[in-house]
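Novice: Sharing a structure, written as structure tokens. Questions coming.
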Amino acid sequence: MNLNKEQKDALAKLIEFVKGNEHDTFILKGYAGTGKTVLVNELLQSPEIKEIPVQLLASTGRAAKILSLKANRAAQTVHSYIYTFVYDEFNEEKKTIKVQFALKELNIDLTDTIYIVDEASMLSNHKDNTMEEGLQFGSGKLLTDFFTFCQGRKVIFVGDPAQLPPINTLFSPALNEEYLQNTFKRKVTSTFLTQVMRYSKTSGIYYNTSRIREQLEKPVKPKYLSIIATQFPDMDVVSLDYMLIENYVNTIKKKGYESAILVAYTNKTCNQLNELVRKKLFTNYQLPQKGDLCIVAKNNYLHGIENGQHIYIQSISEKEERVGQLHFRDIIYYLITPNGIDKSREYCGKVIMEFLLREKPTITHEEEYELYKRFFATIDPEKRKNKQYVIDAFSKDPYIHALRIRYGYAITCHKAQGGEWDTLFLILEKVLFGQTKDNPEFLYRWVYTA
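So the sequence shown is numbered by our numbering: it starts at 18 and just counts up by one.
If you want it as structure tokens, here you go:
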């Protein structure tokens, strides 16, 4: 691989970090298309790291899949690597539920293991609000738990500082040297790639992302965002929604689901777009069909499927089962990868219809409680005292671990972050500009990320 001077210098710094003892954390920052993953591959193939154990991680399931394909070795999400299900609490009198994924007590990796974490801009240290929903991951602070798990081992964070930060966070803590030094007492070094190699300098993507980055670097951001599209062959403007949908549907019919994606700002618009797409694809669009594209909206530990994973429905039962107020159908499905529908492994399980079909992807506390009530009713009271027995039974329960999916033709930018498609159909909603008029930086980062 021919590296440019900037990449060669960055690789030299990475190798120096791997060999030395002065630092324990390296931040490889770089704009989109500057060759961050190329450098990771070069590092993995270098003689200096051949004998050193390396674990590839990513902030999301989609990012882990892409990293795994590009690096030609296994990659996992940070969540799946550092947490393990320990127990759940179910109080029938108070109608309370608590599902707990604890930080693994023992890190069995060799002490010289290096963790390389891709798409690190999405790693948060903000208290996770899932704790309020009865679901707890460790302390609720992902970065805090990650460094506790690392126990001093070396870490390389890889990410784009111009992209959207984690939800409810003003900046990306994993890409901030000062934050890591002050909060975790890490000894941090870094490098920054700025020379874009993936896109032609005459492309619309190159021109517009470069302009947006320039605006982000200014202390005062321009109030109005402008995107130049009409003069570039790789960009087009469609003024009518139905034309956008037509173009998207034609693209996925010709090139496959993995080739294109619709991205919008709000879940409401995504719902509307998904319905319009499905009206063109299916006669009976009111219910999920064979051939539907869906996206997993919550990690599923029975299936080993991560939040954000696209799936292809191979078949879905007409018969519904009811547990409490929820309805379930059996499905057979395949995973969607950047290379297409992966038919090497067939998955089967149950899907919660309410989660899929409601306007908002939610299940009420009462509905969740009924699932647990059914589960514990199947366990002998004496066996409930055996925590390991309960854990084993819980981890296999098909109703508690039924898939929580949504239609996946149109998704939000946060959901799409870390993914790659040949063609992006971007919907710039009016509400995006209205809600960000007092925070133009978010608007610039949102459009840049898309």
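Ideal Cβ placement from N, Cα and C applies to all residues, glycine included.
What does the Cβ neighbour count give for Asn193, buried or exposed, with the cut at 16 atoms within 10 Å?
Specialist: Stepping through the sequence shown from its first residue, residue 193 is reached at position 176. Classification of Asn193: buried, given that the 10 Å Cβ count is 16 or more.
Novice: What are the start and end residues of each continuous beta strand (DSSP E) run of 3 or more residues lying completely inside the stretch 229–311, in chain order?
Specialist: 277–281
Novice: List the endpoints of the continuous beta strand (DSSP E) containing Thr354.
Specialist: Counting from 1 along the sequence shown, the entry for residue 354 is found at position 337. From DSSP, the beta strand (DSSP E) with Thr354 extends over 343–354.
Novice: So, at 6 Å on beta carbons, what are the nonlocal neighbours of Lys400 in its own chain, with the 5 sequence-adjacent residues on each side left out?
Specialist: Indexing the sequence shown from 1 puts residue 400 at position 383. Cβ neighbours of Lys400 beyond the five flanking positions: Tyr406.
Novice: Go through the stretch 54–93 residue by residue and report every complete run of the beta strand (DSSP E) that reaches 3 residues or more, in order.
Specialist: For the stretch 54–93, whole beta strand (DSSP E) runs of length 3 or above, ordered along the chain, are 71–75.
Novice: For Ala80, which of Gly157, Thr130, Asn324 has the nearest alpha-carbon?
Specialist: Here residue 80 corresponds to residue number 63 of the sequence shown, with the count starting at 1. Cα-wise, what sits closest to Ala80 is Asn324.
Novice: Terminal residues of the continuous beta strand (DSSP E) containing Tyr329?
Specialist: On the sequence shown, position 312 is the one that residue 329 refers to. 327–333 is the span of the beta strand (DSSP E), which, as asked, contains Tyr329.
Novice: Measuring from the CB of Ser207, is there a heavy atom of the ligand NAP at a distance below 7 Å?
Specialist: As presented, the structure is devoid of all ligands, the ligand NAP included, so that no description of it is given.
Novice: Which whole-angstrom value describes the C-beta separation of Tyr364 and His320, a residue pair presumed to lie in contact below a C-beta threshold of 8 Å?
Specialist: Locating residue 364 in the sequence shown gives position 347, counting from the first residue. Locating residue 320 in the sequence shown gives position 303, counting from the first residue. At roughly 6 Å, the Cβ-Cβ gap stays under 8 Å, so Tyr364 and His320 are in contact.
Novice: Using 10 angstroms around the beta-carbon of Lys432, count the other beta-carbons present and answer buried if the total reaches 16, otherwise exposed.
Specialist: For this step, residue 432 is matched to residue 415 along the sequence shown. With 16 or more Cβ atoms within 10 Å of its Cβ, Lys432 is classed as buried.
Novice: For Leu197 and Val134, which I take to be in contact (beta-carbon distance under 8 Å), what is that distance rounded to the nearest angstrom?
Specialist: To locate residue 197, count along the sequence shown from 1; it is residue 180. To locate residue 134, count along the sequence shown from 1; it is residue 117. In fact, because the Cβ distance is near 12 Å, the residues do not count as touching under 8 Å.
Novice: Which value, in whole angstroms, describes the spacing of the CA atoms of Val448 and Tyr282?
Specialist: As a working mapping, residue 448 is identified with position 431 in the sequence shown. As a working mapping, residue 282 is identified with position 265 in the sequence shown. Each residue's alpha carbon lies about 8 Å from the other.
Novice: Could you tell me if Met260 is buried or exposed, where buried requires 16 or more neighbouring beta carbons within 10 angstroms of its beta carbon?
Specialist: Position 243 of the sequence shown, counted from the start, is the residue given in the question as residue 260. It counts as exposed.
Novice: Check Lys25 in the structure and name its three-state DSSP category.
Specialist: As a first step, residue 25 is located in the sequence shown; it is residue number 8 there, counting from the start. Note: Lys25 maps to helix in three-state DSSP.
Novice: When the Cα atoms are used, what is the spatial distance from Glu149 to Gly78?
Specialist: Locating residue 149 in the sequence shown gives position 132, counting from the first residue. Locating residue 78 in the sequence shown gives position 61, counting from the first residue. With a pLDDT of only 46 at Glu149, under the threshold of 50, the placement of this residue in the model should not be trusted, and no figure is reported.
Novice: Indicate the three-state DSSP secondary structure (helix, strand or coil) for Gln452 in the structure shown.
Specialist: Taking the first residue of the sequence shown as position 1, residue 452 is located at position 435. Reduced to three states, the DSSP call for Gln452 is helix.
Novice: Classify Arg170 as helix, strand or coil using the three-state DSSP reduction.
Specialist: By one-based count along the sequence shown, residue 170 stands at place 153. Correct three-state label for Arg170: coil.
Novice: What three-state label does DSSP hand Arg203 in the structure shown?
Specialist: Against the sequence shown, residue 203 aligns to sequence position 186. Note: Arg203 maps to coil in three-state DSSP.
Novice: Quick check: Asp309 and Ile278, are their CB atoms within less than 8 Å of each other?
Specialist: As a position in the sequence shown, residue 309 is number 292, starting the count at 1. As a position in the sequence shown, residue 278 is number 261, starting the count at 1. No; because the gap between Cβ atoms is not below 8 Å, this pair is not in contact.
Novice: Just curious, the alpha helix (DSSP H) that Val464 is in, first and last residue?
Specialist: Counted from its first residue, the sequence shown places residue 464 at position 447. It spans 457–466 - the alpha helix (DSSP H) in which Val464 sits, taken as one unbroken run.
Novice: What does a CB cutoff of less than 7 Å around Tyr216 pick up in its chain, not counting 5 residues either side in sequence?
Specialist: Taking the sequence shown and counting its residues from 1, one reaches residue 216 at position 199. Closer than 7 Å at Cβ, skipping near neighbours: Gly50, Ile222, Tyr223.
Novice: By how many angstroms is the C-alpha of Val57 removed from the C-alpha of Asn16?
Specialist: The structure shown does not extend to residue 16, since the chain is modelled only from 18 to 467, so the question has no answer here.
Novice: Identify whether Lys315 lies in helix, strand or coil by the three-state DSSP scheme.
Specialist: Here the question's residue 315 lines up with position 298 in the sequence shown. Lys315 falls in the coil class under three-state DSSP.
Novice: Measure from the alpha carbon of Asn267 to the alpha carbon of each residue in Leu123, Phe442, Asp162, then state which is nearest.
Specialist: Here residue 267 is taken as the residue at index 250 of the sequence shown, counted from 1. The shortest C-alpha separation from Asn267 is found at Phe442.
Novice: To the nearest whole angstrom, what separates the beta carbons of Pro178 and Ser138, a pair I think is in contact under 8 Å?
Specialist: Residue 178 sits at position 161 when you count from the first residue of the sequence shown. Residue 138 sits at position 121 when you count from the first residue of the sequence shown. With 8 Å as the limit, Pro178 and Ser138 qualify as a contact, their Cβ atoms being about 7 Å apart.
Novice: Would Val313 pass as a contact of Tyr416 if the rule is Cβ separation under 8 Å?
Specialist: Your numbering for residue 313 matches position 296 in the sequence shown. Your numbering for residue 416 matches position 399 in the sequence shown. No, Cβ-Cβ distance for Val313 and Tyr416 is not below 8 Å.
Novice: Between the Cα of Tyr274 and the Cα atoms of Gly425, Phe164, Ile262, which residue gives the shortest distance?
Specialist: One-based indexing of the sequence shown puts residue 274 at position 257. Answer by Cα proximity: Gly425.
Novice: Take the Cβ of Lys307 as the centre, count every other Cβ of all protein chains shown within 10 Å, and call the residue buried at 16 or more, exposed below.
Specialist: Sequence index remark: in the sequence shown, residue 307 carries index 290 (1-based). Looking at its Cβ environment, which holds fewer than 16 other Cβ atoms inside 10 Å, Lys307 is exposed.
Novice: Considering only the beta carbon of each residue, do Asp126 and Pro183 sit closer than 8 Å?
Specialist: Mapped onto the sequence shown, residue 126 falls at position 109. Mapped onto the sequence shown, residue 183 falls at position 166. No; because the gap between Cβ atoms is not below 8 Å, this pair is not in contact.
Novice: Under 8 Å between the Cβ atoms of Ala419 and Phe345?
Specialist: Here the question's residue 419 lines up with position 402 in the sequence shown. Here the question's residue 345 lines up with position 328 in the sequence shown. With respect to the 8 Å criterion, Ala419 and Phe345 are classified as neighbours on the basis of their beta carbons.
Novice: Just to confirm, are Ile444 and Cys311 a CB contact at a threshold of 8 Å?
Specialist: Taking the sequence shown and counting its residues from 1, the one referred to as residue 444 is at position 427. Taking the sequence shown and counting its residues from 1, the one referred to as residue 311 is at position 294. In this structure, Ile444 sits away from Cys311, with a CB-CB distance that is not shorter than 8 Å.
Novice: Just to confirm my understanding: we take Tyr481, look at its own chain, exclude 5 residues before and 5 after, and list those with CB closer than 7 Å. What are they?
Specialist: No statement about residue 481 is possible, as the shown extent of the chain runs from 18 to 467 and does not include it.
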